[in-house]
Amino acid sequence: MGGPHPPNHAVGSDGPTTPAGSQPLEFPHEPDAADPAFPPTSDAGPPSAYYAGQLPSTPYPRRRPKRGLIIGILVAVAVVAVLTVAIVYGVRTNGANSGATFSDGAAKTAIQGYLDALEHRDVDGIVRNALCGMYDGVRDKRSDQALARMSSDAFRKQFSEVEVTSIDKIVYLSQYQAQAIFTMRVTPATGGPSHGQVQGVAQLLFQHGQILVCSYVLRTGGSY
Numbered sequence: 628m629g630g631p632h633p634p635n636h637a638v639g640s641d642g643p644t645t646p647a648g649s650q651p652l653e654f655p656h657e658p659d660a661a662d663p664a665f666p667p668t669s670d671a672g673p674p675s676a677y678y679a680g681q682l683p684s685t686p687y688p689r690r691r692p693k694r695g696l697i698i699g700i701l702v703a704v705a706v707v708a709v710l711t712v713a714i715v716y717g718v719r720t721n722g723a724n725s726g727a728t729f730s731d732g733a734a735k736t737a738i739q740g741y742l743d744a745l746e747h748r749d750v751d752g753i754v755r756n757a758l759c760g761m762y763d764g765v766r767d768k769r770s771d772q773a774l775a776r777m778s779s780d781a782f783r784k785q786f787s788e789v790e791v792t793s794i795d796k797i798v799y800l801s802q803y804q805a806q807a808i809f810t811m812r813v814t815p816a817t818g819g820p821s822h823g824q825v826q827g828v829a830q831l832l833f834q835h836g837q838i839l840v841c842s843y844v845l846r847t848g849g850s851y
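For our numbering, count along the sequence shown from 1 and bump the result up by 627.
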């Protein structure tokens with residue numbers, strides 16, 4: 628058996644020691660992000676001023692309206708504008724232009740011409756008005772001429788003279804059609820005083836720059 632072992636100087640109260648002339652053992656240190664000595668990466672920004680648990684207020688980017696939505700809105704506005712122009716044009720066409728075509732003076736002249744044709748037995752003039760724009764398209768006008776003679780004879784039995792004094796109202800059926808109620812002064816064929824409050828209704832047609840009296844009806848009853 629050997630002698631007593633020499634004391635182990637590697638174990639002491641102050642922890643392990645190393646032999647003289649040797650370097651102390653160093654164990655590799657795992658880097659930690661929390662270690663103050665751990666250098667920040669290149670992607671890390673400046674130190675945040677927000678406290679723990681407080682989220683930074685990040686502004687949301689504004690959404691730009693889509694091009695398709697803008698185009699749709701513009702198309703809708705354009706359609707509404709076109710419809711508005713069409714409605715306004717139609718109203719003006721049926722109102723202003725028709726009023727100019729069937730003015731009181733023009734209607735009065737046309738009706739007076741038709742009544743003169745009845746009074747003077749102007750068969751061609753009566754037929755031209757009664758056919759209401761189809762005069763040039765009708766080949767055989769004999770039945771129309773016979774009806775015109777009968778209408779003239781019936782008119783001449785009622786009145787010996789007729790004068791249109793006023794157009795009381797014009798109702799526009801379209802740009803080219805209207806009906807008018809008028810007042811006329813008539814002298815009875817049997818003699819006697821004239822009557823100045825006799826009314827009649829005429830159907831009017833504007834065609835080729837002239838107004839035709841398609842029909843005429845006496846409104847006031849009684850015999851003259």
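The beta-carbon is built from N, C-alpha and C at its ideal position, and this holds for glycine as well.
| query | result |
| --- | --- |
| Starting from the N-terminal side, write out each stretch of the beta strand (DSSP E) that is 3 residues or longer and does not extend beyond the stretch 780 to 844. | 786 to 799, 804 to 815 and 822 to 834 |
| Given L758, which residues of its chain have a CB within under 7 Å of its CB, disregarding the five upstream and five downstream residues? | V765 and D771 |
| Can you give me the C-alpha to C-alpha distance between D749 and V825, rounded to a whole angstrom? | 23 Å |
| DSSP on G760, reduced to helix/strand/coil? | coil |
| Flag this pair as yes or no: are the beta carbons of A829 and Q785 separated by less than 9 Å? | no |
| Which value, in whole angstroms, describes the spacing of the CA atoms of V798 and A734? | 12 Å |
| Find out if the Cβ-Cβ distance for the pair L839, A773 is shorter than 9 Å. | no |
| If you drop the 5 nearest sequence neighbours on each side, which residues of the same chain put their C-beta closer than 7 Å to that of V789? | L742, E746, M811 and V813 |
| DSSP state of D771, grouped into three classes? | helix |
| Going by C-alpha to C-alpha distance, which of G699, R783 and F729 sits closest to Q802? | F729 |
| Mark V702 as exposed unless 16 or more other C-beta atoms lie within 10 angstroms of its C-beta, in which case mark it buried. | exposed |
| Looking at the secondary structure, which residues open and close the alpha helix (DSSP H) in which D743 lies? | D731 to E746 |
| Use the C-beta contact count for A705: other C-beta atoms within 10 angstroms, 16 or more gives buried, fewer gives exposed. | exposed |
| Secondary structure at V765, three-state DSSP: helix, strand or coil? | coil |
| If you draw a straight line from the C-alpha of K768 to the C-alpha of V754, how long is it? | 8 Å |
| My output table needs one value for E751: the three-state DSSP class, helix, strand or coil. | First, the amino acid is wrong: residue 751 is Asp here, not Glu. Looking at D751 - three-state DSSP - the assignment turns out to be helix. |
| Can G760 and L832 be called in contact, C-beta distance under 9 Å? | yes |
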